[in-house]
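To keep things clear, I will list the structure first and then write my remarks on it.
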Amino acid sequence: MNLILLGMPGAGKGTQAEIIQKDFDIANISTGAMMREVSRSEGELAEKVQTYLSSGTLVPNDIIVEMLVQRIGQDDCRKGFLLDGFPRNLDQGKALDSANVSIDLVLYLSISEDEIINRMSGRRVHLSSGRSYHVIHNPPQKEGFDDITGEALIQREDDAPEVIKKRLDVYFSETEPLLDFYRNKNLKFIEIDASKSLDEVTESIRQSISN
Ligand code: AMP
């Protein structure tokens, strides 16, 4: 089972991806996490990627597509994989086709813009694992600290209000056209109401994958 999670930044893709990965034993590939890792390394590429991350714009396709296709070729993806944050524009969708990557299911986590702004401003993450919390909707056991490691949580710099706005603009102009691209393809496309509770959304996703 190879699947894609689509939806606005902050719709809950990363949180749901972690749960699904465990339930269905498939690889969880987050290009955002990949880019944050690159940006923490040394050198020219790291600096370049960092400028895109902090401004909320997309990393150019020539940097990200090859990295992603290589990642899909790794052993742990043979049982199946889940893409969170890729593709992000039509060219990336077409690049998956050109690389003969077959997709079985696209899950679109649908939600309003107002709800997104509320969610993203309350999001806190554990940097090294990518685990994500929300101060109100999904709080850690101890405020400000990761449940598993006890390490401090941070607010992503791209969750700052002015960057959130930019990321939403980028979503509407570049990513949203992918909805029709996949609706018109010969695969399962399911829309899920992502404004519901975390558990309800997980349950809808489980059913979509199992049916
Ligand atoms: P995310 O964690 O998915 O919200 O991604 C955070 C940031 O990483 C984005 O705002 C982009 O700068 C970059 N990024 C992640 N995935 C992609 C992608 N598929 N194409 C281009 N840039 C990406």
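Positions 25 to 235 (my numbering) are the ones given, in order, by the sequence shown.
Every residue gets a Cβ at the ideal spot worked out from N, C-alpha and C, and that includes glycine.
Element boundaries [beta strand (DSSP E), containing residue i]
| i | result |
| --- | --- |
| Ala51 | 51-54 |
| Glu215 | 212-217 |
| Ile28 | 26-31 |
| Arg147 | 147-149 |
| Ser152 | Careful: Ser152 lies outside any beta strand (DSSP E) and carries neither H nor E. |
Rounded separation between residue i and residue j - CA only
| i | j | result |
| --- | --- | --- |
| His158 | Glu224 | 16 Å |
| Leu192 | Gly67 | 29 Å |
| Arg147 | Ser156 | 7 Å |
| Ser232 | Thr173 | 32 Å |
| His161 | Phe205 | 32 Å |
| Ile127 | Val194 | 24 Å |
| Met178 | Ala218 | The sequence as given places Ile at residue 178; Met does not occur at that position. C-alpha separation (whole angstroms): 24 Å. |
| Leu9 | Gly34 | As displayed, the chain neither begins before 25 nor continues past 235, which places residue 9 out of reach and without an answer. |
| Met25 | Phe213 | 14 Å |
| Asn52 | Phe105 | 6 Å |
Residue i, enclosing alpha helix (DSSP H) - first and last residue
| i | result |
| --- | --- |
| Phe205 | 201-207 |
| Val79 | Sequence inspection shows Ser at residue 79; the Val mentioned does not correspond to that position. Looking at the DSSP string, the run of the alpha helix (DSSP H) that includes Ser79 is 68-79. |
| Leu222 | 222-234 |
| Gln94 | 85-96 |
| Ala41 | 37-48 |
| Lys190 | 185-194 |
Rounded Cβ spacing between residue i and residue j (contact assumed at less than 8 Å)
| i | j | result |
| --- | --- | --- |
| Ile229 | Gln40 | 6 Å |
| Gly38 | Asp86 | No, Gly38 and Asp86 are not in contact; Cβ-Cβ is about 25 Å, not under 8 Å. |
| query | In chain order, which beta strand (DSSP E) runs of at least 3 residues are fully inside the stretch 105-143? | reply | For the stretch 105-143, whole beta strand (DSSP E) runs of length 3 or above, ordered along the chain, are 105-108, 129-134.
Tell me whether the stretch 174-184 and the stretch 83-99 touch, counting them as touching only if at least three CB pairs, one residue from each stretch, are closer than 8 Å. When Cβ pairs closer than 8 Å are counted between the two stretches, the stretch 174-184 is seen not to touch the stretch 83-99, the count staying below three.
The stretch 64-81 in contact with the stretch 123-143 per 3-pair CB rule at 8 Å
At 8 Å Cβ cutoff, the stretches do not touch.
Quiz item: At a cut of 8 Å, does the stretch 111-123 reach the stretch 58-67 through at least three beta carbon pairs?
Solution: no
Meets three-Cβ-pair contact criterion under 8 Å: the stretch 163-177 and the stretch 137-151: yes
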